[in-house]
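Read through the structure below, which is laid out as structure tokens, and then see the notes.
Numbering (full-length UniProt numbering), first residue to last: 1 to 201.
If you want it as structure tokens, here you go:
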């Protein structure tokens, strides 16, 4: 494998620079990385933000467990090693979108500081906006329409974050959204207002 990599030659310096693509799209590309427990509202907020930004004339791409785990990462399990590989691939894909000038909205549990730091280092700290969707596990279980928490508590799902796998709260997120007593619209507008000035060209 190492020998094969010696025969790979980068062409990034020959491609159109990111600034030209951002200028074309009239936006500054960033990765909005939402982390939180399953059921915290990450995906719902990602969809809200996508629609809001689209209505304001911004080009976005949402990356979420459903469209990643059924596609590019469909060969990965939920073991500790595969969780790391899952996030590594997502971060690399996100970096490609950023280089194309696209605002990327990511919705992943990404449960540990190590995993989130890995993503940040791949994407680049200046392009990585960490948003902690902070919802108590009791509230997440109430919202759990898929019944995943109930299955995890019965032992039918192993390595489920918050039950038998840890979730480490972000130490210093760019934004912390406390969603328990707020509507999606309230949390979504808080997220939008925080993001908008960071993506305007």
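Glycine included, every Cβ here is placed at the ideal spot set by N, Cα and C.
With a cut-off of 8 Å on Cβ pairs, the stretch 42 to 58 is in contact with the stretch 184 to 194, counting three or more such pairs. Only residues of its own chain outside the window of five on either side were considered, and among them 25, 29, 59, 60, 61 have a CB closer than 8 Å to the CB of residue 102, listed in chain order. DSSP, read as helix, strand or coil, puts residue 38 in coil.
Around the Cβ of residue 67, a 10 Å sphere holds fewer than 16 other Cβ atoms; the residue is exposed. In the three-state scheme derived from DSSP, where H, G and I count as helix and E and B as strand, residue 165 is classed as strand.
Going by beta carbons, residue 104 and residue 31 fall inside the 9 Å limit. Counting only runs of at least 3 residues, the stretch 155 to 201 fully encloses the following beta strand (DSSP E) elements, listed from N- to C-terminal order: 175 to 178.
Excluding the 5 residues flanking it on each side, residue 34 has same chain C-beta neighbours closer than 7 Å at 42, 45, 46, 106, 107, 131, 133, in chain order. Separation of residue 91 and residue 192 (C-alpha to C-alpha, rounded to the nearest whole angstrom) is 22 Å. Judged by their CB atoms, residue 21 and residue 99 are nearer to each other than the 9 Å cut-off. Of the candidates 201, 178, 199, 85, 178 places its Cα closest to the Cα of residue 190.
Annotated as distal: residue 126 and residue 39, with beta-carbon spacing of 9 Å or more. The DSSP-derived three-state label of residue 96 is helix. The residue among 114, 74, 55, 71 with its C-alpha nearest the C-alpha of residue 84 is 114.
The C-beta separation of residue 123 from residue 95 comes to about 5 Å, placing the pair in contact by the 8 Å criterion. The distance from the Cβ of residue 110 to that of residue 87 is about 6 Å, consistent with a contact at the 8 Å cut-off.
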